[in-house]
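**Student:** Protein sequence lines correspond, in order, to chains A and B.
Its first residue numbered 5, the first sequence is counted upward by one per residue in our numbering.
Its first residue numbered 26, the second sequence is counted upward by one per residue in our numbering.
Virtual Cβ for every residue (Gly too), placed ideally from N, Cα, C.
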Amino acid sequence: MSRATSYHRPDTVEQALALLTAEGNVALAGGTLLNADDDPTPVGMVDLQGLGLTSISVTGDQIELGAMVTLHDLRYNGSIPPVVGDAARAELPSTLRTLATVGGTVAAGDPDSVLLAALLTHNAEVHVAGPDGTGGAPLSNVLAADGPCQGRLITAVSLAVGGTTAHEATGRTPSDTPIVSATARRTDGLTTVALTGVAATPVLVDPADPTSGLEPAADFRGSTDYRLHLASVLTDRVLASLDGGS
Amino acid sequence: MQVSLRLNGADRTFRCAVHDTLLTLLRREGMASVRFGSTSGETGAAAVLIDGALASADIVLAAQADGHEVTTLESLNTERGLHPLQEAFTATGAMQSGYSVGAMILGTIALLEHDPDPSEADIRDMLSGILDRETAYVKPVAAIRRAAALMRGDDVAVFEPLVLEPMTDGVNAVEVAPDDPAPVAPPAVPRLVPSPDVPEMAVVGKPEVKVDAVRLVKGNPAFTADYEMRDLLHAKVLRSPHAHARITSIDDSDARSLPGVHAVIHHGNTARVKYASGGQSYPNPKPHDQVSFDDVVRHVGDRVAAVAADTPEIAAEACRLIQVSYDVLPAVFDELETRLDGAPVIHAEEDTTDIADREHNIVHRLHAHRGDVEAALAAADHVYEQTFRVHQVQPCPIEPHISVAWLDSDERMVVRTATQVPFHTRRMLAPLIGMEIKDIRVIKPRIGGGFGAKQEMLIEDIAAHLAIATHRPVQLELTRAEEFFASRTRHPQTITYRTGVASDGTLVAQDMTLVGNTGPYGAHGFTVQIVSGLRGLTSYNCDNKAFNCDVVYTNIPVPGAYRGYGAPQALFALESHMEDIADDLGLDPIGFRRQNWVKVGDEMNIAPHLGEGGTSDEEFDEYPTVESSGIEECVAQGMRAISWHRRNDPDWRAPADRPHIRRGLGFAFCMHGTAIPFLDMGGASIKLNDDGSFNLLVGATDLGTGADTVLAQIAAEVLGVRLNDIIIYSSDTDMTPFDTGAYASSTTYISGTAVKKAAEVVAVRLRERAAMLLEVDTPGSIELRDRRAWTPDGRSVTLEEVALDSLHLNEQEQIMGTASHVSPDCPPPFAAQFVEAEVDIQTGQVTVVSMVMAVDCGVTINPITASGQVEGGMLQALGYAHCEEIVLDDEGTMVNPSFGPYRIYTADEMPHTEVFLVQTMEETGPFGAKAVAEIPKDGVAPALRNAIANATGARMHDLPFTPERVHRALNDA
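1. Measure the beta-carbon distance from F939(B) to R216(B) and round it to whole angstroms, keeping in mind my assumption that it falls under 8 Å.
2. Do G544(B) and V583(B) have their beta-carbon atoms positioned less than 8 Å apart in this structure?
3. Do the stretch 426-439 of chain B and the stretch 266-281 of chain B touch if we need at least three Cβ pairs shorter than 8 Å?
4. Which partner residues of R993(B) appear in the DSSP bridge assignment?
5. Just to make sure I have the definition right: I need the residues of chain B whose C-beta is within less than 8 Å of the C-beta of G35(A). Which are they?
6. Taking only beta carbons into account, state which residues of the stretch 169-203 of chain A come closer than 8 Å to chain B, listed in chain order.
7. Within a Cβ cutoff of 8 Å, which residues of the same chain sit near R177(B), ignoring the five residues on either side of it in sequence?
8. Quick check: the stretch 123-132 of chain B against the stretch 95-106 of chain B, are at least 3 beta-carbon pairs closer than 8 Å?
9. Which first and last residues belong to the alpha helix (DSSP H) in which K261(B) is found?
10. Compare the C-alpha of S845(B) against each of R790(B), P312(B), L834(B) and A783(B) and name the closest.
11. Compile a chain-ordered list of the residues in the stretch 37-67 of chain A whose CB is closer than 8 Å to at least one CB of chain B.
12. Is V349(B) helix, strand or coil when you go by DSSP?
13. Determine whether the beta carbon atoms of V214(B) and Q662(B) lie at a separation below 8 Å.
14. By the criterion of Cβ-Cβ separation under 8 Å, what are the contact partners of G226(A) in chain B?
15. Tell me which residue opens and which closes the beta strand (DSSP E) that P926(B) is part of.
16. Quick one: is M946(B) buried, meaning 16 or more other Cβ sit within 10 Å of its Cβ, or exposed?
17. Comparing alpha-carbon positions, which option in E485(B), A891(B) and F476(B) lies nearest I465(B)?
18. Taking just the CA atoms, how far does H93(B) sit from N33(B)?
19. If contact means a Cβ-Cβ distance below 8 Å, which residues of the stretch 133-163 of chain B contact chain A?
20. Leaving aside the five residues before and after G655(B) along the sequence, list all residues of the same chain whose C-beta is less than 6 Å from its C-beta, in chain order.
21. Contact criterion: CB-CB distance below 8 Å. Does V920(B) meet it with respect to chain A?
22. If we call anything under 8 Å between Cβ atoms a contact, is L119(A) one with A92(A)?
23. Which runs of the alpha helix (DSSP H) spanning at least 4 residues fall entirely within the stretch 261-326 of chain B, listed in chain order?
24. Straight-line CA distance for S61(A) to I67(A)?
25. So I493(B) is in the alpha helix (DSSP H); what residue range does that whole segment cover?
26. When the distance is taken between beta carbons, is A122(A) closer than 8 Å to V165(A)?
27. Where Y80(A) and V298(B) are concerned, what is the direct C-alpha to C-alpha distance, given to the nearest angstrom?
28. Using beta-carbon positions only, say whether V623(B) and N566(B) come within less than 8 Å of one another.
29. Quick check: the Cα distance between E18(A) and Q154(A), rounded to an integer number of angstroms?
30. Which of the three DSSP states, helix, strand or coil, is assigned to R970(B)?
31. Is there a Cβ of chain A sitting closer than 8 Å to that of S29(B), yes or no?
32. From the DSSP secondary-structure annotation, give me the bridge partner or partners of D136(A).
33. If we call anything under 8 Å between Cβ atoms a contact, is I701(B) one with A393(B)?
34. Please name the residue, chosen from A167(B), A135(B), D204(B) and F39(B), that lies closest to E55(B) on a Cα-to-Cα basis.
35. Have a look at V181(B) and A167(B) and give me their C-alpha separation to the nearest angstrom.
36. Under DSSP, the alpha helix (DSSP H) around G47(B) begins and ends at which residues?
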């Protein structure tokens, strides 16, 4: 049941930022999380669909994704790295993928998001706009900081393309949100590994010691020890896959 | 605010509230095809096309859709006939309840726009957001393939069963050669193995299209929520945050003063009338341990109060304004702990009687036996004992519980409700609202799935109380979360088997000790555990058997009826136990079972001791016997289809290229029942119309199973007409004959026989009237076929001529017939369930590759609907085995009351499935039919468990087989 008490559809980022300074206003991207939230606290919806942040542009070895690009768009765009496109498909079922956006996914920082893990391995940068201008920060920093600062908007996410990638996951069923997943990318001899299900957000880990410093929260799908076990096993597998093994 | 849309091709502007979702707007504008399943987009029942993309309308604000193009299923309904996409869904039997078919067809439009020849993977991906508990997505995939072909202009074949040659003589086992090729056909095509005992018929046995297909596939108003009511109020229920507490005070003044609130009810202003929500026939099993609103709450989600208001939002806000003080009491959740001294007493109130041991929360203490188990165990060559624990799951109909109640012009109470048991509901409701049965009318429209969850009077009393309080129509629709923790679930159980085996492999003793967790209310607690005992001790011949059972109260969300009704729990334990015995004795798992399973002519020697009316230890003069069984043919077909020989191939079981994978095959022998003897009763009434068509009125309730179609086929066969000459109506307590309801795999067998009898009454009179017209003095020689009445010498009159003569011309009369049926028999359907699985031995992840079920359900009246039942049943059973579980925290609050955290299988991950329908002739059934609805629930869990054991040696003793659970078992193995 929606808790919206006001609705705004600004045409520019500046208008959106101004609206977001008001108490109780929140940025509405696709709405798959915000409109499903049954917290009765009233909110004002600042719908970002009028901002035109829907382009996918390729420049050299970089792709820039507008914040309002949907996961459905990611899946079907031929320039998107395969592991990112596959993650966009796996992230949500068909009826939600057409609504959920790249920016909303980053803002939510879901610890189980395989899309965020894929973006992390592609050295994603998050572009934000705020009252003090625009800027960018690595996705890993944004996630660690629990999203962009209050009053700022995510406008785009850019990522590096190329390299070889691998993905492994363990879930209750094949399409289940993984209990733990590992996504790896190797380019120019440098390997990055991102894990889901082991921290408050998806995290980049040391490929040689993937569980170092991790203390995953337990839930009914996996205890702390089991999640750490999966982190090790799945990291080994993605590394072996990058090495050309099974 | 104003919202402008291009809706189904027309520019429209609507006024709506800021918080309105697109679903709310569309339904308000009469788009009945867009259906409520959740408020978070998780079911996909409300999916529409927004600018051509499939999206859940329940997660989109109406305001967000402003300026966009929105398309619903209604956009296809430009003519009286069907669009080719709709035609494809009807021809393939892709709808059962049809609740979400609008979303599926819209998704097909979007998919074909992108790719006119989509791959199966892309079809399944498109369906991934549309949850379906009924079809297992098998026939929807076939429908979309067919739709794509039709839209491309390709030729399509008639969708019909693949008829196979029998592999056996129907009695004896055969060797299945490894190189014997399995029949090839798409998974949606039922494999039909005919029996020489079954004659060819005109309508029965044919893959007829469902009689309600047009209504469903066009998204026309059909379900409870689809019928608009002037001045409708909306109800919400305030639910307990505590697992066990006494309400010390309720202050509803703030709620009552909220504008738009019309009534607030709770224990302080509602009569205390004791009842039991479960049961299905008079008298209801005791104890009567519920009241509409109590001053004690016994599970998180229990009723505290209810509000009727102008909108659901106001009603919800009013619930938040009700001030409730609780004296929180200790709670207990585990079925073993609740019996211990010192456990909190859950029903201490004096007005709940007939509790076997109140201080230990034991509602019922059940015992039955044959022979002398202890002596036989003492003398047995081998004795095995194992304990299994099974968990709590929810049926998850995509249409949640919904009721609308109002006082009609005569001030009678009318309740339109999604129920499997309209007559039971009427009887239960009467005392609670202080009205007589004659003053209550219960109408059952189409139901969006029930699976047992709707086999109780569950919410109708709240809607009715509020309708009386407000003198306005009141609708109560549960949220998805309420459906999980405040409707009904499957009983958790702890089951211990002890089995004695002679050195030659013969069973000499078997007993079952069961503790069944019925939560805070008895509901179906007694009968479900009885069925567990019945099913758990009937499959195998053995002279010495015993059943010992405690049914106990706890503070978990309330268990009740769920398709299978105690059998899935029992057969998981039994078929796991039998597998392990065979393994320990070095015997072939099927051969060991075959040596002991019941065969034609064998007595079902404990069945009469475990009845609906109670248990009995006294010997009966006569015991029921098995009269038909196609199990050997089922086993042979299943073994060939699954390539059973691979289970002993080490290279296959441990693939060299995937070192952490082990493969296995598992089997389970399934035996179920068909209706409850001497209890289940169905009535039917048939009348002839002017044009030679017939109205068929039944009290039976089609939950989406195809029951209406099957019953109409039976009538058409007897009357010699086409299926579309039968107009069936079901059900309305004012209009239709009594029926105990849709449960216990009874509708085809019981209600079907009633229909057959009623049709035979009509047929006799048709022959007599036709004989008059044809001037024949032997009406018995007249044959009804092809909508005509024929003399032996080939002369005929049409049934229209008979109708016009009888209604308008000569010795006028309304030809009609009424009949009812109750059966002394309970013929068991049999099945062989096979599962292929892979186990990741490093992570414990189990992947189910294939499920094959071969079922002997007697003569299948409709092979398309019957195979759909098996497909959907296996899907639910797979969820039970593999991934579904209600998880409570330490305080008894469900932590995963939404799809996703509560995992049900989606279209993009369903394993390969195949269904074989093995015909046998069951003489007591209508045209030879037995049941098919529940047996698909019985075998998947043990077959998957046994596949895991075959793959890894790990023996699982609890459900579900989630990765960490299996990982632990692998480490223990």
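**Tutor:** In short, the structure shows the following:
1. According to the sequence displayed, residue 939(B) carries Glu and not Phe. Your pair E939(B) and R216(B) checks out as a contact, with CB atoms roughly 7 Å apart and the cut at 8 Å.
2. Less than 8 Å divides the Cβ of V583(B) from the Cβ of G544(B).
3. No, the stretch 426-439 of chain B does not touch the stretch 266-281 of chain B.
4. According to DSSP, R993(B) bridges with nothing at all.
5. By Cβ distance, chain B contributes I84, V85, L86 and Q89.
6. Considering only beta carbons, the part of the stretch 169-203 of chain A lying closer than 8 Å to chain B consists of T174, G175, R176, T177, P178, S179, D180, T181 and I183, in chain order.
7. Once the five neighbours on either side are set aside, the close Cβ partners of R177(B) are P141 and D142.
8. Result yes; three or more Cβ-Cβ pairs closer than 8 Å.
9. Where K261(B) is concerned, there is no enclosing alpha helix (DSSP H), although the beta strand (DSSP E) it sits in stretches over L258 to R264.
10. Looking only at R790(B), P312(B), L834(B) and A783(B), the smallest Cα-Cα distance to S845(B) is reached by A783(B).
11. Close to chain B, meaning a Cβ-Cβ distance shorter than 8 Å, are the following residues of the stretch 37-67 of chain A: N39, A40, D42, P44, M49, D51 and Q53.
12. Strand, per DSSP.
13. No.
14. Taking a Cβ-Cβ threshold of 8 Å, the residues of chain B close to G226(A) are P988 and E989, in chain order.
15. No beta strand (DSSP E) holds P926(B); DSSP gives it neither H nor E.
16. Buried, since its Cβ has 16 or more Cβ neighbours within 10 Å.
17. Closest in C-alpha terms to I465(B), from the list E485(B), A891(B) and F476(B), comes E485(B).
18. Here the alpha carbon of N33(B) sits roughly 11 Å from the alpha carbon of H93(B).
19. Under the 8 Å Cβ criterion, the stretch 133-163 of chain B contributes H139, D150, M151, L152, S153, G154 and I155.
20. The answer, listed in chain order, is D881, V943 and T945.
21. With 8 Å as the cut-off, V920(B) counts as an interface residue toward chain A.
22. The Cβ atoms of L119(A) and A92(A) lie closer than 8 Å to each other.
23. Counting whole runs of 4 or more residues, the stretch 261-326 of chain B contains the alpha helix (DSSP H) stretches 278-282.
24. Distance between S61(A) and I67(A), taken at the CA atoms: about 6 Å.
25. First-last of the alpha helix (DSSP H) with I493(B): E485 to T495.
26. Contact: no.
27. Going by the C-alpha atoms only, they are around 60 Å apart.
28. A contact, by the Cβ cut-off of 8 Å.
29. One alpha carbon belongs to E18(A), the other to Q154(A), and they sit about 15 Å apart.
30. Looking at R970(B) - three-state DSSP - the assignment turns out to be helix.
31. No, because no Cβ of chain A sits closer than 8 Å to the Cβ of S29(B).
32. Answer is none; D136(A) lacks a bridge partner.
33. Not in contact: I701(B) and A393(B) (Cβ atoms no closer than 8 Å).
34. First, the residue type needs correcting, since residue 55(B) is Gly and not Glu in the sequence shown. Nearest option by C-alpha distance: F39(B).
35. Inter-residue distance for V181(B) and A167(B) is about 11 Å (C-alpha atoms, whole angstroms).
36. The sequence shown places Leu at residue 47(B), not Gly. Looking at the DSSP string, the run of the alpha helix (DSSP H) that includes L47(B) is L47 to R53.
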